[in-house]
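Asks: Structure incoming, see below.
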Amino acid sequence: MIRQYELIERVKAYNPEADEGLINRAYVFSLKAHGSQVRASGDPYFTHPLEVAGLLADMRLDTGSIVTGLLHDTVEDTVATLEDIKGQFGEEIAQLVDGVTKLSQLELQSDRAKQAENFRKLVLAMSRDLRVLLVKLCDRLHNMRTLDAIRKPESRQRIARETLEIYAPLAERIGMHQVKDELEDLAFQHLFPEARASIVQRLAFLRDEGGDIVDRIIAELTDILNQGGVDAKIRGRQKRPYSIWRKMQQKDVAFENLSDIMAFRVIVPDLATCYQTLGLLHHRYKSLPGRFKDYISTPKPNGYKSLHTALIGPFLQVIEVQIRTHEMHEVAELGVAAHWSYKQGMPQPADMPKYRWLRELLDILEYAQKPEEFLEHTKLELFQDQVFCFTPKGQLIALPQGATPVDFAYAVHSEVGDRCVGAKVNGRIVNLRTSLQNGDQVEIITSKTQKPSPEWERFVVSGKARARIRRFIRQQQRDQYAELGKAMLQKVYRQEGYEFVEKPLEVVANNFKLPSVEDLYAGIGSGNVPARDVFFAVYPGHKQAVQQRQDNVVPLTRSRRPGAERDPAVAIRGLIPGISVHFARCCHPIPGDRIVGIVTTGKGVTIHTIDCETLESFYDTPERWLDVAWDADAIDEDAHTARIHVVLANEPGSLGTLSTVIGKSGGNITNIKVIARSTDFFDLLLDISVTDVRHLSNIIAALRATPVISTVDRARTG
Ligand code: MN
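Our numbering puts the first residue of the sequence shown at 1, with every later residue one more than the last.
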């Protein structure tokens with residue numbers, strides 16, 4: 001524990017004019033306020049604010065920061081009030097302490113959305129004073145250093161995760177690399193102890209293997225630079241375990257293949273020498289293409305300047321080299337704190353062009369629609385391949401980049417995914433294929449009658465959604481095939497003059513190596529098992545009789561005997577029995593239309609109207625065309641969906657008139673889509689279920705006779 005006089009000495013060393021009396025009063029105030037409180041470690045609580053003040057002194061910050069460090073937990077954890085602090089230390093200190101207190105309070109909330117909200121308020125307070133954040137980071141750093149004392153593993157994990165997700169990125173954003181590195185490393189240690197241990201162990205092994213390789217490389221580099229007339233200080237280090245781990249994750253490489261685990265920093269007297277040094281090194285060693293970065297001519301948004309390069313250095317080791325001046329180095333290590341040290345006083349960020357990046361950050365906070373965006377911004381660097389969205393209750397859902405509301409729905413719950421019919425993003429209804437953005441609030445609209453659509457599979461990106469949809473489609477397909485297969489088998493029985501009985505099929509299924517009768521039906525429906533073979537398996541004696549009969553008869557495949565039993569499910573002539581039939585969604589054929597069938601592998605036959613534009617894409621595969629026609633003998637009671645395009649006057653009641661006319665003609669509107677809407681007209685696509693083309697013609701005629709309707713046509717595409 002630092003002693004009172006030691007703290008004062010540390011501050012006086014860089015700021016002889018520091019208000020010693022104020023620091024002493026804060027020391028005593030905090031000591032008394034925390035009284036006999038102890039930390040989880042058993043140490044007196046006061047050691048914590050004192051250490052935090054010490055860290056702030058190491059960053060050479062002003063008296064206000066040091067005093068705030070000492071007082072930062074008094075309002076939150078003791079009987080002291082903000083009023084007390086204002087009375088004894090003045091308005092400025094009270095505001096700083098209040099800022100840190102609010103940041104600490106938000107840590108107690110589990111709700112992530114609220115957290116972001118508080119965060120935003122806090123960081124807005126920071127716009128008046130960035131020192132709040134500096135104190136908070138030192139507070140967090142000390143807590144992380146002493147995290148071992150926290151007994152509950154869940155608490156340790158939560159704090160470590162929060163550090164990794166929020167505080168380390170914040171430290172990086174304001175350029176405090178030293179703090180960022182240490183926070184990351186400590187959090188890493190608690191979150192992934194095994195991974196860290198194994199990396200540390202292997203680093204140690206390498207060190208033993210290579211002996212003092214870092215020192216030898218430094219000696220060689222120094223030599224080369226000295227010969228070139230450059231006076232440089234070189235420091236070498238192995239990269240931190242956490243950054244090695246991240247590299248292993250991001251690039252998906254094994255430790256053995258991570259050649260550049262050593263980094264060297266060359267500090268030179270001035271800017272020109274930076275480039276001279278670079279020249280000398282590139283002249284002597286091969287540089288790795290794509291690794292050179294000039295952050296001097298184009299500094300990072302947080303003010304960071306350096307030259308970065310990677311070389312195949314001495315001993316043929318790949319090494320990373322950063323070249324910078326002493327001043328650049330200060331900024332790199334301490335970031336904003338270096339600028340904000342006591343000498344420069346405490347300027348307002350808005351006045352300083354140097355802090356443009358900070359201004360921009362604040363603008364995001366001030367003008368962003370959603371406070372959650374900020375939380376996401378601070379995490380962005382860690383999770384660029386992911387997108388984070390919120391449920392209406394504020395639960396955070398992580399999804400792969402490019403995720404849609406359907407992915408979101410499945411991530412919330414499989415049931416929600418299966419029943420999803422629509423979505424609201426930030427309160428507005430959106431298309432289910434919309435790509436979600438960071439911070440979006442997503443509300444899924446469900447319906448009990450909804451089922452997963454095969455269409456979804458084309459745009460979902462998450463594995464969970466895709467797997468669920470596929471499974472559902474497979475199941476549905478199997479059900480369809482089973483239904484079709486049973487109907488086909490029943491037909492064979494009828495044709496052969498037998499009554500259909502299901503019972504014997506249980507044995508027959510076995511013969512076909514299928515686990516159940518249901519699977520047998522599905523096999524027939526999908527065309528894998530011929531229906532006749534199944535029939536003959538049940539009645540082996542019947543086979544010969546049929547064989548003889550068939551010698552005299554032309555096999556029936558593409559045509560039908562007039563008046564013969566037809567497949568009741570499909571009133572279309574010319575189809576190979578047993579193939580499943582779909583009506584194309586592009587042209588919506590209805591009985592009476594001239595039609596053609598297109599064979600689609602695995603799906604059966606799709607029926608198009610003869611004038612459908614989609615057919616063009618099948619011109620070069622004539623073998624897929626089937627000559628089909630509606631079965632005129634068939635009394636088709638089934639409803640078919642036709643699509644019409646209507647332009648309607650935009651006036652009160654016109655939509656009502658439209659639906660009345662269709663209803664009176666016996667049509668049923670199943671779907672309405674507004675394509676365009678102007679002050680004068682609605683442009684609509686209507687799906688209507690009708691019995692056949694004559695029915696549709698009647699409806700179209702009735703609509704054309706209606707005054708509010710400007711034009712009506714059959715819609716051929718879209
Ligand atoms: Mn604290």
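Idealized CB from N, CA, C, for every residue including glycine. This structure is a prediction, so every number in the text was calculated from the model and none was measured.
With hydrogens ignored, establish whether the beta-carbon of ASP139 is closer than 7 angstroms to any heavy atom of the ligand GDP.
Replies: This structure lacks the ligand GDP; the ligands present are the ligand MN.
Asks: Give a yes or no on whether the C-beta atoms belonging to VAL67 and ILE8 are separated by under 8 angstroms.
Replies: Taking the first residue of the sequence shown as position 1, residue 67 is located at position 67. Taking the first residue of the sequence shown as position 1, residue 8 is located at position 8. No; because the gap between Cβ atoms is not below 8 angstroms, this pair is not in contact.
Asks: Would GLY174 and LEU133 be called neighbours here (beta carbons separated by less than 8 angstroms)?
Replies: The residue given as residue 174 occupies position 174 in the sequence shown. The residue given as residue 133 occupies position 133 in the sequence shown. For the record, residue 174 in the displayed sequence is Ile; it is not Gly. In this structure, ILE174 sits near LEU133, with a CB-CB distance shorter than 8 angstroms.
Asks: If we count the other Cβ atoms within 10 Å of its Cβ and call it buried at 16 or more, is LYS503 buried or exposed?
Replies: Residue mapping note: residue 503 aligns to position 503 of the sequence shown, counting from 1. The residue is exposed, with fewer than 16 neighbouring Cβ atoms inside 10 Å.
Asks: Reducing DSSP to helix, strand and coil, say where VAL661 ends up.
Replies: In the sequence shown, the residue the question calls residue 661 occupies position 661. In the structure shown, VAL661 sits in a helix (DSSP, three-state: H, G or I).
Asks: For ASP593, which residues of its own chain have a beta-carbon under 6 angstroms away from its beta-carbon, when the five flanking residues on both sides are left out?
Replies: On the sequence shown, position 593 is the one that residue 593 refers to. These residues qualify, in order along the chain: THR609, VAL693.
Asks: Does at least one heavy atom of the ligand MN sit under 7 angstroms from the Cβ of ASP73?
Replies: As a first step, residue 73 must be located in the sequence shown, where it is residue number 73. Correct: ASP73 has its Cβ closer than 7 angstroms to the ligand MN.
Asks: Which of the three DSSP states, helix, strand or coil, is assigned to VAL100?
Replies: If you number the sequence shown from 1, residue 100 lands on position 100. Reduced to three states, the DSSP call for VAL100 is helix.
Asks: Closest by CA to LYS12, which one among GLY54, HIS48, GLY69, PHE46?
Replies: On the sequence shown, position 12 is the one that residue 12 refers to. Of GLY54, HIS48, GLY69, PHE46, the residue nearest in Cα terms is GLY54.
Asks: Consider the C-beta atom of HIS326 and the heavy atoms of the ligand MN; say whether any pair is separated by less than 7 angstroms.
Replies: Here the question's residue 326 lines up with position 326 in the sequence shown. Not so, every heavy atom of the ligand MN lies at least 7 angstroms from the Cβ.
Asks: With respect to the alpha helix (DSSP H) encompassing GLN227, which residues constitute its N-terminal and C-terminal limits?
Replies: On the sequence shown, position 227 is the one that residue 227 refers to. 213-227 is the extent of the alpha helix (DSSP H) around GLN227.
Asks: Quick one: using the 10 Å Cβ neighbour count with 16 as the cut-off for buried, is HIS695 buried or exposed?
Replies: Here residue 695 corresponds to residue number 695 of the sequence shown, with the count starting at 1. Taking all protein chains shown into account, HIS695 has 16 or more neighbouring C-beta atoms within 10 Å of its C-beta and is therefore buried.
Asks: How far does the alpha helix (DSSP H) with ARG594 in it reach, from first residue to last?
Replies: In the sequence shown, the residue the question calls residue 594 occupies position 594. Unbroken run through ARG594: none, as it is neither H nor E.
Asks: Quick check: the segment 650-664 against the segment 700-708, are there 3 or more CB pairs under 8 angstroms?
Replies: yes
Asks: Thinking C-alpha only, which one of ARG478, ARG240, GLY497 is nearest GLY523?
Replies: Translated into positions along the sequence shown, residue 523 becomes position 523. Of the listed residues, the one whose Cα sits closest to GLY523 is ARG478.
Asks: Would LYS293 and HIS308 be called neighbours here (beta carbons separated by less than 8 angstroms)?
Replies: Translated into the one-based positions of the sequence shown, residue 293 becomes position 293. Translated into the one-based positions of the sequence shown, residue 308 becomes position 308. Result yes, Cβ atoms of LYS293 and HIS308 sit closer than 8 angstroms.
Asks: Buried or exposed for VAL28, going by 16 or more other Cβ atoms inside 10 Å?
Replies: On the sequence shown, residue 28 is found 28 positions in, with the first residue counted as 1. When all chains shown are included, VAL28 counts as exposed.
Asks: Using 8 angstroms as the cut-off, can you tell me whether the segment 408-424 makes contact with the segment 474-488, which would need three or more C-beta pairs spanning the two stretches below that distance?
Replies: no
Asks: Report the rounded CA-to-CA distance for LEU484 versus GLY497, giving the unit in angstroms.
Replies: Locating residue 484 in the sequence shown gives position 484, where the first residue counts as 1. Locating residue 497 in the sequence shown gives position 497, where the first residue counts as 1. C-alpha separation (whole angstroms): 20 angstroms.
Asks: For the alpha helix (DSSP H) that SER65 lies in, which residues bound it at each end?
Replies: Numbered from 1 along the sequence shown, position 65 holds the residue referred to as residue 65. 63-71 is the extent of the alpha helix (DSSP H) around SER65.
Asks: In the DSSP assignment, what residue or residues form a beta bridge with ASP687?
Replies: For the purposes of this step, residue 687 is identified with residue 687 of the sequence shown, where counting begins at 1. Beta-bridge pairing links ASP687 to ARG643, ASN671.
Asks: Bridge partners for VAL387 per DSSP, in chain order?
Replies: As a first step, residue 387 must be located in the sequence shown, where it is residue number 387. Within the DSSP secondary-structure output, VAL387 pairs in a beta bridge with LEU399.
Asks: For SER287, which beta-bridge partners are listed by DSSP?
Replies: The residue you call residue 287 lines up with position 287 of the sequence shown. Per DSSP, LEU311.
Asks: Can you grab the Cα-Cα spacing for the pair GLU194 / ASP418, in whole Å?
Replies: Here residue 194 refers to the residue found at position 194 when the sequence shown is read from its first residue. Here residue 418 refers to the residue found at position 418 when the sequence shown is read from its first residue. For the pair GLU194 and ASP418, the Cα-to-Cα distance works out to about 39 angstroms.
Asks: Closer than 6 angstroms by C-beta to SER435: which residues in its own chain qualify, once you throw out the five before and the five after it? Chain order, please.
Replies: For the purposes of this step, residue 435 is taken as residue 435 along the sequence shown, with counting starting at 1. So the qualifying residues of the chain are GLY402.
Asks: Using alpha carbons as the reference points, say which of GLY236, ILE607, VAL712, GLU17 lies closest to ASP215.
Replies: As a working mapping, residue 215 is identified with position 215 in the sequence shown. When each option's Cα is compared against that of ASP215, the closest is GLY236.
Asks: So, for TYR14: in the same chain, excluding its five sequence neighbours on each side, which residues have a beta-carbon less than 6 angstroms away from its beta-carbon?
Replies: Your numbering for residue 14 matches position 14 in the sequence shown. Answer for TYR14: ARG60, listed in chain order.
Asks: Locate the alpha helix (DSSP H) running through THR47, then write down its first and last residues.
Replies: Counted from its first residue, the sequence shown places residue 47 at position 47. First-last of the alpha helix (DSSP H) with THR47: 47-58.
Asks: Please list, in chain order, all residues of the same chain as ARG677 whose beta carbon is under 8 angstroms from its beta carbon, the five residues on each side excluded.
Replies: Taking the sequence shown and counting its residues from 1, the one referred to as residue 677 is at position 677. Counting only residues of its own chain and dropping the five nearest sequence neighbours on each side, ARG677 has a CB closer than 8 angstroms to the CB of ASN650, ASP683.
Asks: Return the residue from the list VAL538, GLN490, ASN528, VAL492 that minimises the CA-CA distance to GLU506.
Replies: For this step, residue 506 is matched to residue 506 along the sequence shown. It is VAL538.
Asks: Under a Cβ-count criterion, where at least 16 other Cβ atoms within 10 Å of its own Cβ denotes burial, should ALA332 be classed as buried or exposed?
Replies: The count along the sequence shown starts at 1 and reaches residue 332 at position 332. That one is buried.
Asks: Excluding the 5 residues flanking ILE724 on each side, which residues of the same chain have their C-beta closer than 8 angstroms to its C-beta?
Replies: Any question about residue 724 goes unanswered here, given that the chain covers just 1 to 718.
Asks: Should GLU616 go down as buried or exposed, given a rule of 16 or more other Cβ atoms within 10 Å for buried?
Replies: Within the sequence shown, numbered from 1, the residue matching residue 616 stands at position 616. Exposed.
Asks: Residues in its own chain within less than 7 angstroms of GLU17 by CB, not counting five upstream and five downstream?
Replies: The count along the sequence shown starts at 1 and reaches residue 17 at position 17. There are no such residues.
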